[in-house]
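J.:
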Amino acid sequence: MKSDIDCDLSLYAEEFTVGRGQTSCLLIHGLGGGPIQMRELAETLAPLGITTRGILLPGHCGSCEDLEAISSEDWYKKVEEEYLKLKRQHENVAVVGFSLGALLALKLAVNNPVKKVVVMGAPIFIIRRYLPVRGLIKLCGSFLRKIRVTTGNWPISTEVFSGFLRLPTYSHFPIASLLALTNLTDTIRCELHRIRSPILIIHSKRDSAASPSSANYISKYVGSDEKKLLWLKESHHLVMHDKEKETVFEVTREFLLA
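First residue of the sequence shown: 1, per the numbering used here; consecutive thereafter.
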């Protein structure tokens, strides 16, 4: 097991398949993250007979310029390709997504018969519901190519790495990437009614990146007959690494196994 590193992006970027079982689960990380962001959750699912697949979204774990060149269609193409690979090997394929990954998980469920969907910190509304985020991003884009973001160190303990992750891995987000994110939110809001898969929505009331109203919106408009909303009270946006992560893992396990 490796010890603390100073953001070794090769480790952050490594895709993985953990566990062996008839049921499989696709894990999708957030903007500025990587597969390792979902590794701890994967290792709690694997002993339960769930094959977990953690993927790297295009443009991530490289340079800011790499991310800038990628569109939301590129992200979704990767997700659907990985889903179809799992579907050829497993009868039941679930999907778990965080933040950007949650939006992509929802889009996947719109277009495919996903067995179950778990979304964490889905930014249907960024920061605040009625904040004109797209307009503000476009305004910034008229004189900036990228915006500085706050990074933090988050504890993680897995078979491949134990220590602290720097998330996001970037010090800046490209304006183009933020616009791609808002394109996804606009699309998903219009298509939620088409989702029929059972869904678990996990969100923190203290989330300052994805407005908590996002969770209420998904719960209200998603077409699923079976839906569950878990509110967290002590966490912020990165719910898989924050104070209530064990609750997040436990409820996710119970939902996927039910």
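We put the beta carbon where it would ideally sit given N, CA and C, even for glycine.
Could you give the first and the last residue of the continuous alpha helix (DSSP H) run that contains I78?
T.: Looking at the sequence provided, one finds Lys at residue 78 rather than Ile. Taken as a continuous stretch (DSSP letters only), the alpha helix (DSSP H) holding K78 covers 72-89.
J.: Whole angstroms are fine: how far does the CA of P155 sit from the CA of M1?
T.: Its pLDDT being 36, under 50, M1 is placed unreliably in this model, and the coordinates cannot settle the point.
J.: How far does the alpha helix (DSSP H) with F249 in it extend, from its first residue to its last?
T.: Per DSSP, F249 belongs to the alpha helix (DSSP H) from 245-257.
J.: Between F16 and the ligand MG, is there a pair consisting of the residue's CB and a ligand heavy atom that are separated by less than 6 Å?
T.: With respect to small molecules bound, the structure shown includes none, and the ligand MG cannot be examined in it.
J.: For F16 and G54, which I take to be in contact (beta-carbon distance under 8 Å), what is that distance rounded to the nearest angstrom?
T.: Rounded, the Cβ-Cβ distance is 5 Å, consistent with contact.
J.: Can you give the Cα-Cα distance for I147 and A258, rounded to whole angstroms?
T.: The straight-line gap from Cα to Cα measures roughly 42 Å.
J.: How many angstroms separate the CA atom of T187 from the CA atom of I124?
T.: Straight-line Cα distance between these residues: approximately 10 Å.
J.: Could you tell me if P198 is buried or exposed, where buried requires 16 or more neighbouring beta carbons within 10 angstroms of its beta carbon?
T.: P198 comes out buried.
J.: Should S3 be labelled buried (16 or more other beta-carbon atoms within 10 Å of its own) or exposed?
T.: Unreliable positioning characterises S3 in this predicted model, as indicated by a pLDDT of 33, which lies under 50. A coordinate reading is not provided.
J.: Here's the rule: buried if 16 or more other CB atoms are within 10 angstroms of the residue's CB, otherwise exposed. What is Y12?
T.: The residue in question, Y12, is buried, as its Cβ has 16 or more Cβ neighbours within 10 Å.
J.: Secondary structure at A94, three-state DSSP: helix, strand or coil?
T.: Three-state DSSP puts A94 in a strand.
J.: Give every residue of the same chain whose Cβ lies closer than 7 Å to the Cβ of A102, excluding the five residues on either side of it in the sequence, and list them in chain order.
T.: So the qualifying residues of the chain are V119, M120, G121, A122.
J.: Return the CA-CA distance between H236 and G152, expressed in angstroms with no decimal places.
T.: When rounded, the distance between both Cα atoms is 12 Å.
J.: Among G34, Y83, S10, which has the Cα closest to the Cα of T51?
T.: Comparing Cα positions, the closest option is Y83.
J.: Identify whether L41 lies in helix, strand or coil by the three-state DSSP scheme.
T.: Reduced to three states, the DSSP call for L41 is helix.
J.: DSSP has R148 in a bridge; who is on the other side?
T.: Answer is H172.
J.: How about A94 and K78: do their beta carbons lie closer than 7 Å?
T.: Contact flag unset, no.
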